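*Asks:*
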Amino acid sequence: MKRSIVSSLGLAALALPLVSGCYIGPDAATQTQGNSGNGTSVAVSGMKVDNATIVAGDPESGKASFLATLYNPTDQEDELVSLSAGEGEATLLPEPVKIPPMATVTIQTGKDAQANFDGLEAQPGQYADVSLTFRSAGQADFPSLVVPPYGYYSDAAPEGTEELPEKVTVIETETVEVTH
């Protein structure tokens, strides 16, 4: 009797990870690193783009800037030759943006490499379809979040953008009852 109880407890202990949803193999969720911020991360042949985000300028200005880190894991230099979002083309500084072999380049307002939009229609909270074209790595197409120029992103906003106030006032509106 004791042996069957001990055997049952042993089997239950071995089965517990299976029924609890735990997985400890090389593809387990705890073994992988996801995005560490709001940005989108993508890879194309010979290039990685990390934390791609569009930072909106002042409301209704149509200005925005692109924020990302480009990783070139190859032994050949590459170049970012164009960047677009929605219908707008970004102005690259410098043009093209050189990405040395086995190195990273940060694209951000105030840094050596910058990408600025004039006439972007996407508003904060929306996603814009971004297309990056590299001379060697090809094209990367992905959606990127548009964020307001607040907090961390105030330094990455287009030059001349005013940081949003810390408090946002919500205007209450009249509730309208709809009957069917």
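Quick note: the sequence shown uses our numbering, first residue 14, plus one each step.
Glycine included, C-beta positions come from ideal geometry on N, C-alpha and C.
Values in this document were obtained by computation on a predicted structure and should not be read as measured data.
#1: For the stretch 122 to 158, which segments carrying the beta strand (DSSP E) assignment without a break, of at least 3 residues, lie completely within its bounds, in sequence order?
#2: Is it buried or exposed for L22, if we count other Cβ within 10 angstroms and need 16 for buried?
#3: Of the choices Q139, I120, D154, whose alpha-carbon is the least far from that of P171?
#4: Could you have a look at S4 and say whether DSSP puts it in helix, strand or coil?
#5: Can you tell me which residues form a DSSP beta bridge with E102?
#6: Taking the CB atoms as reference points, tell me whether P113 and T87 lie closer together than 8 Å.
#7: Taking all protein chains shown into account, do 16 or more other C-beta atoms lie within 10 angstroms of the C-beta of T58, making it buried, or fewer, making it exposed?
#8: Apply the 10 Å Cβ neighbour rule to S17 and answer buried if 16 or more other Cβ atoms are within range, or exposed otherwise.
#9: When we look at the beta-carbon of T104 and count the other beta-carbons within 10 Å, is it buried (16 or more) or exposed?
#10: Tell me which same chain residues have a C-beta within less than 8 Å of the C-beta of A140, skipping the five on either side of it?
*Replies:* So, from the data block:
#1: 127 to 131, 140 to 147
#2: In the sequence shown, counting from the first residue as 1, residue 22 sits at position 9. Counting Cβ neighbours within 10 Å, L22 comes out exposed, since fewer than 16 surround it.
#3: Taking the sequence shown and counting its residues from 1, the one referred to as residue 171 is at position 158. Minimum Cα distance to P171 is reached at I120.
#4: Because the chain here runs from 14 to 193, residue 4 falls outside it and cannot be looked at.
#5: By one-based count along the sequence shown, residue 102 stands at place 89. S97.
#6: Within the sequence shown, the letter at position 100 stands for residue 113. Within the sequence shown, the letter at position 74 stands for residue 87. No, the pair does not count as a contact, with Cβ atoms beyond the cut-off.
#7: On the sequence shown, position 45 is the one that residue 58 refers to. Note on identity: in this sequence residue 58 is Ser, with Thr being the wrong assignment. Classification of S58: exposed, given that the 10 Å Cβ count is below 16.
#8: For the purposes of this step, residue 17 is taken as residue 4 along the sequence shown, with counting starting at 1. Exposed.
#9: By one-based count along the sequence shown, residue 104 stands at place 91. So T104 ends up on the exposed side.
#10: Working through the sequence shown from its first residue, we reach residue 140 at position 127. Per the sequence shown, residue 140 should be read as Tyr rather than Ala. Within the same chain, Y140 has close Cβ partners P156, S157, L158, V159.
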